[in-house]
Amino acid sequence: MMNLEKHTLTSSCGEYRRRVWYLPAEDPPVRIGIFLDGEYYINQMDAPAQLVALQREGLIPPIACLFVSYENGETRHYDFTCNDRYARFITEDLIEWIRSQNAGISKQDCLIGGLSLSGLQVAFTALTTPKVFSFTLCQSGSLWWNQEWLTSYLRSYSGNGDKFWISVGDQETDSGIVHPPTDLVQDVDQISAVRRFADALKAQGESVHYHLFAGGHDPKCWEAEFSDAMQWLLG
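Per numbering that gives the first Met the number 0, the sequence shown starts with residue 0, numbered consecutively.
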């Protein structure tokens with residue numbers, strides 16, 4: 000499984016203890032990458048192999064990456080619903096751990112990526128810590144959450160020219176859904192919520208690539224766009 004190192008990291012506040020997989024850069028890194036829902040990116044999307052290939056081909060700069068476990072369905076619903084405490088765990092603990100492994104790398108040269116519900120959390124984290132994340136990958140993000148709360152948040156947000164790859168499938172049209180295990184209610188279809196968020200983000204001055212791909216809420220679709228997304232964000 001590539002050159003992945005498995006660790007368990009605990010937040011400085013003691014609230015979070017998560018399994019992570021670390022993928023060192025091919026050369027001395029100039030970027031940091033944090034991917035939530037690590038099991039999806041590793042086991043279903045072959046992201047580590049894609050990242051290594053992109054670096055070896057010179058299509059993206061050297062990047063040291065951490066894939067973070069979602070642990071279980073219930074934990075995922077709490078961690079990834081615009082959770083400011085979890086955002087601090089990412090910015091204050093996970094990034095600092097990677098920096099401790101790679102002397103001299105800037106805290107500003109960071110990418111954060113997620114999909115579905117973790118796509119919501121990475122967008123929230125990037126927007127609320129703009130001096131940390133310059134590059135955000137949001138694949139089929141659950142931007143319908145809480146009546147599109149994060150899109151409403153953008154009304155008071157001033158952009159920094161950061162880069163956001165925001166995608167959704169042309170078959171993600173369901174609404175009126177209740178998601179177990181915590182019964183999150185989705186009143187709005189994925190396409191509409193994602194498109195409104197992308198438009199609002201662009202209006203606030205961020206650099207946005209909106210990708211409507213052919214397919215549904217499917218890791219294979221996210222895998223297929225991953226290389227293009229990394230090159231657009233980091234190239």
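Note that beta-carbon positions come from the ideal geometry of N, C-alpha and C, so glycine has one too. As the structure is a computational prediction, the values presented were derived from the model and not from experiment.
Self-check item: Buried or exposed by the 16-neighbour rule on C-beta atoms within 10 Å, applied to Ala241
Solution: The first residue shown for the chain is 0 and the last is 234, placing residue 241 beyond what the model contains.
Quiz item: Can you pull the DSSP bridge partners for Glu4?
Solution: Tyr21
Self-check item: For Phe196 and Thr239, believed in contact at Cβ under 8 Å, the rounded distance
Solution: Within the shown structure, residues of the chain are numbered from 0 to 234, placing residue 239 beyond reach of any answer.
Exercise. Would you list, in sequence order, the uninterrupted alpha helix (DSSP H) runs of no fewer than 4 residues that lie entirely inside the region 179-224?
Key: 189-202
Quiz item: Can you list, in chain order, the residues of its chain whose CB lies under 6 Å from that of His216, leaving out five sequence neighbours each side?
Solution: Ser139 and Glu171
Practice problem: For Thr9, write down the residues that DSSP places opposite it in a beta bridge. | Solution: Arg16
Quiz item: For Ser105, does the count of other Cβ atoms within 10 angstroms reach 16, so buried, or fall short, so exposed?
Solution: exposed
Quiz item: Using DSSP with H/G/I as helix, E/B as strand and the rest coil, what is Val167?
Solution: strand
Practice problem: Pick helix, strand or coil for Leu136, following the three-state DSSP scheme. | Solution: strand
Quiz prompt | Beta-carbon contacts of Glu147 that lie in its chain and below 8 Å, excluding the five residues immediately before and after | solution = Val187, Ala192, Arg195 and Phe196
Exercise. Starting from Val177, follow its DSSP beta bridges and name the residues at the other end.
Key: Val184
Exercise. Apply the 10 Å Cβ neighbour rule to Ala199 and answer buried if 16 or more other Cβ atoms are within range, or exposed otherwise.
Key: buried
Quiz item: Name the DSSP beta bridge partners of His109, please?
Solution: The amino acid at residue 109 is misidentified as His; the sequence shows Cys. DSSP output for Cys109 lists Ile31 and Phe132 as bridge partner(s).
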